[in-house]
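Participant:
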Amino acid sequence: MIRFYDVTKVYPSGATALLSVNTLIKKGEFVFLVGSSGAGKTTFLKLLTKEIVPTRGQVLLNGRNITRLRPREVPYLRRTVRMIFQDYKLLPNKTVYDNVAFALTVIEKPRRQIGPSVDEALKLVGLESKAAVYPDELSGGEQQRVSIARAIVGNPTILLADEPTGNLDMETSWDIMEVLLRVNRRGTTVIMSTHNATIVDGLKQRVIELNNGRIVRDDQKGVYESEAEYNAVLPG
């Protein structure tokens, strides 16, 4: 479904974020992207929404090179590839319901379809009772649930999550992961960047590790640190 073919990204500053990256992610997978800050995780995700384009190589989605999409085609791509963020990015002057509905309004979804779609998304994240409240009345975990609902409303095929638990305590982080797993079980491909070793180790999903822009590890049912890395920090 998703294929990176010899992808390199060099920013105008001269910084190389990705270097000769090759990988394949199949429909319905749950993938953790791990690595230190600056390893290339966010760049990897932004390439999938065409927020940026590679300096070299191809990013294929269902066999199509999305780096060649015309500007008018990009909004259609972002209907099927959605992103959630560490800092939620909710509209403070809109209710929970309207924040989620906004994602459908901007793509001119028929009004009669918006209500049922929003209700379904809020039910999936467990916030159907909070539809009429505003973001500042919610906890951090609840705000992140709203951002997930906004991202999944309309049933995208790919959900990207850039450090979605980075601002949350561990108990709330596990709640968010339960939501993401629920979304994944419906058939949505989930790719999540994270520094949370406890979550990665606990869930045993596919792990792709980036280091200095290169993929250095790709493990099915992986953990945050490879065995070699773990042994390297043991005393003695």
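Using the working numbering, the letters of the sequence shown map in sequence onto residues 1 to 236.
Note that the Cβ used here is the ideal one computed from N, Cα and C, for glycine as well.
#1: Ignoring anything shorter than 3 residues, give me the beta strand (DSSP E) runs that lie fully in the segment 39-76, in order along the chain.
#2: For the beta strand (DSSP E) containing Glu209, list its first residue and its last residue.
#3: State the Cα-Cα distance for the pair Ala121 and Val21, rounded to the nearest angstrom.
#4: Inspect the beta-carbon positions of Ile191 and Leu33 and report whether they are closer than 9 Å.
#5: What's the C-alpha gap between Ser124 and Arg68?
#6: Verify whether the separation of the beta carbon atoms of Asn99 and Val146 is less than 9 Å.
#7: Can you tell me where the beta strand (DSSP E) with Tyr5 in it begins and where it stops?
#8: Could you check if Thr194 is buried or exposed, using at least 16 other CB atoms within 10 Å of its CB as the buried criterion?
#9: Report, in whole angstroms, the separation of the C-beta atoms of Arg56 and Thr8, which I expect to be a contact under 8 Å.
#10: Counting only the same chain and skipping the five closest in sequence on each side, list residues whose C-beta sits under 6 Å from that of Lys221.
#11: Do Asn211 and Gly28 have their CB atoms nearer than 9 Å?
#12: By DSSP, does Asn196 sit in helix, in strand, or in coil?
#13: Which of the three DSSP states, helix, strand or coil, is assigned to Leu18?
#14: Beta-carbon within less than 6 Å of Ile114's beta-carbon, same chain only, minus the 5 sequence neighbours each way: which residues are those?
#15: Considering Cα atoms alone, identify which of Ser37, Glu178, Thr198 and Glu137 is closest to Val223.
#16: Are the segment 137-144 and the segment 168-179 in contact at 8 Å, needing three or more beta carbon pairs?
#17: To the nearest angstrom, how far is the alpha carbon of Val233 from that of Gln86?
#18: Report, in whole angstroms, the separation of the C-beta atoms of Thr188 and Gly140, which I expect to be a contact under 8 Å.
#19: CA-CA distance, Asn167 and Ile148?
#20: Whole angstroms are fine: how far does the CA of Pro92 sit from the CA of Glu108?
#21: Name the DSSP beta bridge partners of Phe32, please?
#22: Taking Thr80 and Ile152 to be in contact with their CB atoms under 8 Å, please state how far apart those CB atoms are, rounded to whole angstroms.
#23: Have a look at Gly14 and Leu45 and give me their C-alpha separation to the nearest angstrom.
Facilitator: On the basis of the data shown:
#1: 56-61
#2: Arg206 to Asn211
#3: 34 Å
#4: yes
#5: Just to set this straight, residue 124 is Leu in the shown sequence, not Ser. If you take the alpha carbons of Leu124 and Arg68, they lie about 34 Å apart.
#6: yes
#7: Ile2 to Val10
#8: buried
#9: 4 Å
#10: Lys204
#11: no
#12: coil
#13: strand
#14: Ala101 and Leu104
#15: Thr198
#16: yes
#17: Only weak support exists for where Val233 lies, its pLDDT of 48 falling under 50; the coordinates are left without a value.
#18: That belief does not hold up - the Cβ atoms of Thr188 and Gly140 are roughly 23 Å apart, past 8 Å.
#19: 15 Å
#20: 22 Å
#21: Met192 and Val207
#22: That pair is no contact at about 12 Å.
#23: 20 Å
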